[in-house]
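2 protein chains.
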Amino acid sequence: MRLSTRGESVPASPIRRLVPYADQAKQGGAHVFHLNIGQPDIPTPPEMIEAYRSFSEPVLAYGPSAGLPVLKNEIARYWSLWDVELSPEEVVVTTGGSEAILFALLAICDPGDEVLVPEPFYTNYLGFGSAAGVRIVPIPCSVDNGFRLPSAEKISALITPKTRAFLYCNPGNPTGVVYQKEEVMRLGNLASEHGLFLLSDEVYREFVYDGMAFTSAFHLDGLEDHVVILDSVSKRYSACGARVGYLATRNKAIIEAATRYGQARLCPATIDQLAAAAGFASHEKYIGGVIEEYQERRDVLYNCLTSIPGVETHRPKGAFYTIARLPVKDAEAFAIWMLTDFRVDGQTVMVAPASGFYATPGVGLDEVRIAYVLESEALKRAMDIMGMGLKRFQELNP
Amino acid sequence: MRLSTRGESVPASPIRRLVPYADQAKQGGAHVFHLNIGQPDIPTPPEMIEAYRSFSEPVLAYGPSAGLPVLKNEIARYWSLWDVELSPEEVVVTTGGSEAILFALLAICDPGDEVLVPEPFYTNYLGFGSAAGVRIVPIPCSVDNGFRLPSAEKISALITPKTRAFLYCNPGNPTGVVYQKEEVMRLGNLASEHGLFLLSDEVYREFVYDGMAFTSAFHLDGLEDHVVILDSVSKRYSACGARVGYLATRNKAIIEAATRYGQARLCPATIDQLAAAAGFASHEKYIGGVIEEYQERRDVLYNCLTSIPGVETHRPKGAFYTIARLPVKDAEAFAIWMLTDFRVDGQTVMVAPASGFYATPGVGLDEVRIAYVLESEALKRAMDIMGMGLKRFQELNP
Chain A
44 MRLSTRGESV PASPIRRLVP YADQAKQGGA HVFHLNIGQP DIPTPPEMIE
94 AYRSFSEPVL AYGPSAGLPV LKNEIARYWS LWDVELSPEE VVVTTGGSEA
144 ILFALLAICD PGDEVLVPEP FYTNYLGFGS AAGVRIVPIP CSVDNGFRLP
194 SAEKISALIT PKTRAFLYCN PGNPTGVVYQ KEEVMRLGNL ASEHGLFLLS
244 DEVYREFVYD GMAFTSAFHL DGLEDHVVIL DSVSKRYSAC GARVGYLATR
294 NKAIIEAATR YGQARLCPAT IDQLAAAAGF ASHEKYIGGV IEEYQERRDV
344 LYNCLTSIPG VETHRPKGAF YTIARLPVKD AEAFAIWMLT DFRVDGQTVM
394 VAPASGFYAT PGVGLDEVRI AYVLESEALK RAMDIMGMGL KRFQELNP
Chain B
44 MRLSTRGESV PASPIRRLVP YADQAKQGGA HVFHLNIGQP DIPTPPEMIE
94 AYRSFSEPVL AYGPSAGLPV LKNEIARYWS LWDVELSPEE VVVTTGGSEA
144 ILFALLAICD PGDEVLVPEP FYTNYLGFGS AAGVRIVPIP CSVDNGFRLP
194 SAEKISALIT PKTRAFLYCN PGNPTGVVYQ KEEVMRLGNL ASEHGLFLLS
244 DEVYREFVYD GMAFTSAFHL DGLEDHVVIL DSVSKRYSAC GARVGYLATR
294 NKAIIEAATR YGQARLCPAT IDQLAAAAGF ASHEKYIGGV IEEYQERRDV
344 LYNCLTSIPG VETHRPKGAF YTIARLPVKD AEAFAIWMLT DFRVDGQTVM
394 VAPASGFYAT PGVGLDEVRI AYVLESEALK RAMDIMGMGL KRFQELNP
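Protein chains in written order, with the working numbering: chain A, 44 to 441; chain B, 44 to 441.
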C-alpha cells in the first residue's frame, strides 16, 4: 500500500526528528540541555493556569468556529497597545499559530501555487506547504549580513505567475533578525505592485532587543486587502501547550474562507481559549520582565558563541533563536554525535541542524539553530559543553 | 485580491452556517432548541473536568507530536475492551477527530485523488477534501432502505484509477445507520481487491442500540495495511470542546507520515490530552448510562417524527442523529424560516438542512439532519414545535 507522494515526502521537523537520540541519552542517564526547540522555561502567566483550574461547567462544549468572543475581544484590546484598531470580526482564532498558517495558505493558494519566504525560515512552513500542495520558494539570506532582506530587484526576480504571497517571520525564527521598517515596506510595496498577499508571522512581536522598533505588517498603509497577520500565544506567554493562535486581516474574504475551513474542524479547544484570553488580559503586567530576561540570555549566548573558535554568527535582535555556522562539515552529524557520544559530567546539549530551515538544497549544512530558552547559567553551561564537544568532534573528524 | 479557487469554494458547514439566524432569534428573546449540532447536554465525566482543575505545572509546555504517552497508553487499554490488541505506537493523537481525517487524507492522497464515501456523509469531509485537494465521491444511499450500503458491484463501478480509499462513518453521522458485519466486510474486500485504504470513522463506536453488535474495521482480518481508524473523545465523553482525537493503524508508513504532519503543527493541546486520558480511564464507569440515555432519546425522537404527517425517516440504530425527509420542497428554507419567523410560546427549533451532507447535486433538498442531543422532555417539546412549524410552513408554501 503506497502512500501519497506528499505523505511520503513531507519532511520530519529538524526541531523534533532527533528527539529519539535525546530520549536514548536521557534513558542512559544523561542530562540534555534542550536548545533545539522554542520551549521556554519561563513560567506561564498564573492567570492562564488559573483559567484551567477554575473551569466549572458540567459540559465541555464546542465554541464558535472562529473563536470565543471573550478571546477575540482581548486580542482586539491587545492590538490597541500597538496603535492598531482591530475589530473582533477581523480575527479568526486557530489551533496554534500553526493552523493560522495552514488556513492562510488554503485561502489564498491552490495546489501548485508558490509562496516566497526569506530563507532560512521557520521549518514547519514546509510541512504546511506540503499539506496545502503549495511550493515554498526561498528568498536567500545569509548570516554574513545578519540575514537582511535582499534588494527589491533580487526579490522580484523570484516572482512568477504562480506566486501568491510573501510569508515571513518577524522577528525571525530561526535567525533572530528584526526587519527594519524599510524592509517590511519593501515587501509591502512588492506585494502591492504584483498583487500578492503579505503573510506576516509575528508570534515573536514583543521579543525585540536593544530598544529597536518593531514594524508590524498592520502598520503599513494601503495594504489592507493584502496583509494577514499570523500569531500565537505560545511564545508570548510561554504557553506552547495551549495551542491557541489566530489570524487577523482587514480582508473580509479571507476571514470568511478561514472561518469556513474553521467550521470543518468545528472549533479551537474551549478551555485553552479561556486561558489565552486570560493571558492577553495579563499582558502588560507580564511581558516586560520576560523581554528583559530574553535580552540578557541573548547577550550570554552571543558572548559564549563568539568565544568558541571557528563559530560564525550574528547578534540576534529579536525572537529567541540564532543561526550559527559551526566549524564542521555536517552539523546534523555533530548534533547527533553530541547526543549519542559526548558527555561532560553526564551532560550534553541538543541543537537543531539548520539545513531543514532551508529550501535551497545543500545550504546550511554547517549551521545549527540555537534557541536561548534556558536561564543564563544553564545557557552558559550548555555553551561550554558545546564548545568542548566541537573541539572533540573536530579532532575525530579532521 | 482574489482568493484561491478552493478558498472561495470551500463550503460553509450546513451544521453551522445558519447560526447567525439562531443568534438573531435568541437576541430577539426566543429560546432555540439546538438539534442542528452534535453537542450533547450530557455531563462530561467529572474526572475529565478535574484534570483541568488540577493542572499545577508552572509552564504549559509542548508535548510530543504524536501525543502524550499517558493518553496513548489509555487508548491502547480502551481497545482491549473491544478485543483489539493495540500498541501505543500504533496511535497518533490529533486535534479532534477532525485532524485525524485531515492527516489520513494527506498521508494517502495527492491533490486530484478520489475517496469514496457513502452518502449522505459527515458534511465536514467536504471541508477536509477541499483542504487536501481530494475529491469526495459519493456512494449513493437512501433513507428508503435505512441507508444500507449498495452491492459490491454498484460500489466497485465507482472505483477509478484515482480512487485511493473508502471513508465511512460507522455508526453513521448523519444517518444513524450501523453497518452490519457483512457490510463492513464488503468494503474491506473491495479495499483489498482494489488496493484501497479503509478509513473508518468510529467516533460513535459505543452508540449502538437494540443490542446490535458493532464491527470495527479493526475486527477485519488481513487488512492490517489498509485500515485506519479515526476517533475522538468529543461524543463519547461529551467533551466536544476538548478537541482531542486520534488515528490508529497497523500501517507503520501512515503512522510515520501522520507524525511528520503532526510535527509541523508541533503537538495537540497538552492539558486537553491529560483530560482525554482521564476520560478513557473512566470509560467503563461512564459509558453504560450514556448509551441507555441515548437509546431512550432515539425512541422518543423516532416516535415523535413518525407521528408528524408527511415525515419519512428510518429507525436509527446508532450514533445520535437521524435523517428525515420533510413534506417541504426546500428544507433549508424551512430551517431558516423556523429561526426567523416561527415561535411557539417564544420557542423554536434549529435543525441542519441535509443537502450539505450530500455531494450529489440536487439530492437531499427536502431532508434535514436531527441530532437527538437533548433530554427526552426537551426533545418532545422540540418535535411538537417542529410539527406545528411544518404545518404552518406548508400552509404558507402550498
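Note that beta-carbon positions come from the ideal geometry of N, C-alpha and C, so glycine has one too.
What do you get for B:A150, buried or exposed, if any count of 16 or more other CB atoms within 10 angstroms of its CB means buried?
buried
Since B:Q390 sits in a beta bridge, which residues does DSSP pair it with?
B:H74, B:V387
Check whether the Cβ of A:E236 lies closer than 7 Å to any heavy atom of the ligand MG, and answer yes or no.
In the structure shown, the ligand MG is absent, as is every other ligand, since no ligand is present at all.
Determine the DSSP secondary structure at B:P442, reduced to helix, strand or coil.
Outside the displayed span of chain B (44 to 441) sits residue 442 of chain B, for which this structure offers no information.
According to DSSP, simplified to helix, strand and coil, what is B:P183?
strand
What first and last residue would you give for the beta strand (DSSP E) that runs through A:V28?
This structure gives no information on residue 28 of chain A, because the portion of chain A shown stretches from 44 to 441.
Taking A:G110 and A:V135 to be in contact with their CB atoms under 8 Å, please state how far apart those CB atoms are, rounded to whole angstroms.
A Cβ-Cβ separation of about 6 Å places A:G110 in contact with A:V135 under the 8 Å criterion.
Between B:H269 and B:S235, which are expected to be in contact by the criterion C-beta below 8 Å, what is the C-beta distance as a whole number of angstroms?
The pair is a contact, with the Cβ atoms about 7 Å apart (cut-off 8 Å).
I think B:E172 touches B:Y364, with their Cβ atoms under 8 Å apart; what is that distance to the nearest whole Å?
The amino acid at residue 172 of chain B is misidentified as Glu; the sequence shows Gly. Actually they do not touch by this definition, with Cβ atoms about 20 Å apart.
Give a yes or no on whether 8 Å exceeds the smallest Cβ distance from B:M426 to chain A.
no
For a test of the three-state rule: what should DSSP assign to B:Y289, helix, strand or coil?
strand
Tell me which residues share the same chain as B:A46 and place their Cβ nearer than 6 Å to its Cβ, disregarding the 5 neighbours each side in the sequence.
First, the amino acid is wrong: residue 46 of chain B is Leu here, not Ala. Result list for B:L46: empty, nothing under 6 Å.
Using a C-beta cutoff of 8 Å, does B:H269 count as contacting chain A?
yes
Whose C-alpha, out of B:T302, B:F400, B:F377, B:T403, is nearest the C-alpha of A:S52?
Nearest C-alpha to A:S52 among B:T302, B:F400, B:F377, B:T403: B:T302.
Check whether the Cβ atoms of A:G284 and B:G399 sit closer than 8 Å, and answer yes or no.
no
Secondary structure of B:G361, DSSP reduced to three states
strand
Consider the Cβ of A:C184: report whether some Cβ of chain B lies at a distance smaller than 8 Å.
no
Considering only C-alpha positions, which residue in the set B:E410, B:S419, B:T349 is nearest to B:F377?
The option with the nearest alpha carbon to B:F377 is B:E410.
What residues in the segment 159-182 of chain A have a beta carbon less than 8 Å from any beta carbon of chain B?
N167, L169, G170, F171, S173, A174, A175, G176
Just to make sure I have the definition right: I need the residues of chain B whose C-beta is within less than 9 Å of the C-beta of A:Q82. Which are they?
Listed by position along chain B, the residues whose Cβ is nearer than 9 Å to that of A:Q82 are V102, A104, Y105.
With C-beta atoms as the reference, is B:Y83 less than 8 Å away from B:S281?
A small fix is needed here, since residue 83 of chain B is Pro in this sequence, not Tyr. Yes, these two residues count as a Cβ contact at 8 Å.
How would you label B:S31, buried or exposed, when you count the other beta carbons within 10 angstroms and need 16 or more for buried?
This structure cannot settle anything about residue 31 of chain B, because the visible part of chain B is limited to 44 through 441.
Based on DSSP bridge pairs, tell me the residues matched to B:L242.
B:L210, B:V271
Please decide whether A:L309 counts as near chain B, where near means a Cβ-Cβ distance under 8 Å.
Interface with chain B (8 Å Cβ-Cβ cutoff): A:L309 is included.
Cross-chain neighbours of A:F98 in chain B, by beta carbon under 8 Å
Those are I92, Y95, R96, listed as they occur along chain B.
Pull up the DSSP beta-bridge partners for B:T137, would you.
Answer is B:G288.
Taking all protein chains shown into account, do 16 or more other C-beta atoms lie within 10 angstroms of the C-beta of A:N79, making it buried, or fewer, making it exposed?
buried
Which residues share a DSSP beta bridge with A:P161?
A:I182
Quick one: which chain B residues come within Cβ less than 8 Å of A:L46?
A150, I151, A296, I297, A300
With C-beta atoms as the reference, is B:A256 less than 8 Å away from B:R229?
no
Residues in the segment 123-141 of chain B with C-beta within 7 Å of chain A's C-beta atoms, listed in sequence order?
T138, G139, S141
Exposed or buried, A:G72, counting other C-beta atoms within 10 Å across all chains shown (16 or more means buried)?
exposed
In the segment 225-242 of chain B, which residues sit with their C-beta less than 8 Å from some C-beta in chain A, listed in chain order?
G238, F240
Neighbourhood of B:T375 by C-beta, 6 Å cutoff - its chain only, sequence neighbours within 5 removed
Strictly speaking, residue 375 of chain B in this sequence is Glu, with Thr absent from that position. Excluding sequence neighbours, B:E375 sits near P396.
Name the one or two DSSP bridge partners that B:T302 has.
In the DSSP output, where bridge partners are listed per residue, B:T302 has none listed.
Assumed close pair B:K360, B:Y252 - CB separation to whole angstroms, cut-off 8 Å
6 Å
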